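Protein chains in written order, with this note's numbering: chain B, 1 to 97; chain F, 1001 to 1116.
We put the beta carbon where it would ideally sit given N, CA and C, even for glycine.
Computed from a predicted model, the values in this text were never measured in an experiment.
Below is one structure; the comments refer to it alone.
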């Protein structure tokens, strides 16, 4: 049941959402490049990480493989750790001593 | 008939999630301040990604789709924590607020910019 191809209208919607989310990640990358302060860039990278989590879930729906939901969980964990680490690094300077 | 109903529910959830992600990114691009941008990204992207997770749960059913619910709980725990860490770091770096915004200096609150 989980490996059958999705209905055509669902596949169209998922592909449209994938395109939109990828474009939104590119727009958030503008804030990463042009953000005036370092926390601006961190916020932009956090938004990109959350978008990539959504992309992984959409890809799981598109291909019918439930494994990619787990992949999105791992991506969410990595994004959270990266955000917290950078937020501590810009103030204290050293994380691993 | 049940399969088509599931399909339409999924499409509606994906549309709502894409809408929230779009709103969050527009806020990230348009707001003037790092605190405002954080406010714009953390809440709508959390809601949007949680809605997409919910679509995945509807797609895979209650057996296989259980990691999607775990993902929703994880997002609601971690995204506010990360935003709070970034906000505190930005305050300690001395990034100014908007002109009429003040940091609450309540009695009993630990001094925020102490050296450690």
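What is the rounded straight-line gap between the Cα of residue i and the Cα of residue j?
| i | j | result |
| --- | --- | --- |
| residue 1 of chain B | residue 1064 of chain F | Only weak support exists for where residue 1 of chain B lies, its pLDDT of 48 falling under 50; the value from the coordinates is given anyway. In a straight line, the C-alpha of residue 1 of chain B is about 10 Å away from that of residue 1064 of chain F. |
| residue 86 of chain B | residue 62 of chain B | 33 Å |
| residue 1021 of chain F | residue 1051 of chain F | 10 Å |
| residue 1041 of chain F | residue 1025 of chain F | 7 Å |
| residue 1097 of chain F | residue 42 of chain B | 18 Å |
| residue 90 of chain B | residue 55 of chain B | 29 Å |
| residue 1079 of chain F | residue 52 of chain B | 14 Å |
| residue 82 of chain B | residue 6 of chain B | 34 Å |
| residue 1043 of chain F | residue 1023 of chain F | 10 Å |
| residue 64 of chain B | residue 88 of chain B | 39 Å |
| residue 1081 of chain F | residue 12 of chain B | 35 Å |
Within the 8 Å Cβ cut-off, does residue i reach chain B?
| i | result |
| --- | --- |
| residue 1099 of chain F | no |
| residue 1011 of chain F | yes |
| residue 1045 of chain F | yes |
| residue 1007 of chain F | yes |
| residue 1049 of chain F | yes |
Within the same chain, show all residues whose beta-carbon is closer than 6 Å to that of residue i, passing over the 5 residues directly before and after it, in chain order.
| i | result |
| --- | --- |
| residue 1059 of chain F | 1010 |
Is the Cβ-Cβ distance between residue i and residue j less than 8 Å?
| i | j | result |
| --- | --- | --- |
| residue 1062 of chain F | residue 69 of chain B | no |
| residue 1014 of chain F | residue 71 of chain B | no |
| residue 1075 of chain F | residue 28 of chain B | no |
| residue 1035 of chain F | residue 1090 of chain F | yes |
| residue 1053 of chain F | residue 9 of chain B | no |
| residue 1017 of chain F | residue 1046 of chain F | no |
Tell me which residues share the same chain as residue i and place their Cβ nearer than 7 Å to its Cβ, disregarding the 5 neighbours each side in the sequence.
| i | result |
| --- | --- |
| residue 1006 of chain F | 1058 |
| residue 1038 of chain F | 1083, 1086, 1087 |
Does residue i come within less than 8 Å of chain F when only Cβ atoms are used?
| i | result |
| --- | --- |
| residue 9 of chain B | yes |
| residue 166 of chain B | Because chain B is modelled from 1 through 97, residue 166 of chain B falls outside the range shown and cannot be assessed. |
| residue 31 of chain B | yes |
Legend entry - Members of the region 1052-1078 of chain F that neighbour chain B once the beta carbon cut-off is set at 8 Å: 1052, 1053, 1055, 1056, 1059, 1060, 1061, 1064, 1065, 1067, 1068, 1070, 1071, 1074, 1075, 1078
Inset, instruction - Taking only beta carbons into account, state which residues of the region 1021-1041 of chain F come closer than 8 Å to chain B, listed in chain order. - result: For the region 1021-1041 of chain F, the beta-carbon criterion of a distance under 8 Å to any beta-carbon of chain B is satisfied by 1021, 1022, 1024, 1025, 1028, 1029, 1034, 1037, 1038, 1041.
Legend entry - Cβ-based contacts, 7 Å cut-off: residues of the region 17-29 of chain B near chain F: If the cut-off is 7 Å between Cβ atoms, the region 17-29 of chain B has 17, 20, 21, 24, 27, 28 near chain F.
Inset, instruction - Taking a Cβ distance cut-off of 7 Å, strictly less, list which residues of the region 33-47 of chain B are near chain F, in chain order. - result: Within the region 33-47 of chain B, the residues whose Cβ lies closer than 7 Å to any Cβ of chain F are, in chain order, 37, 39, 40, 42, 43, 44, 46, 47.
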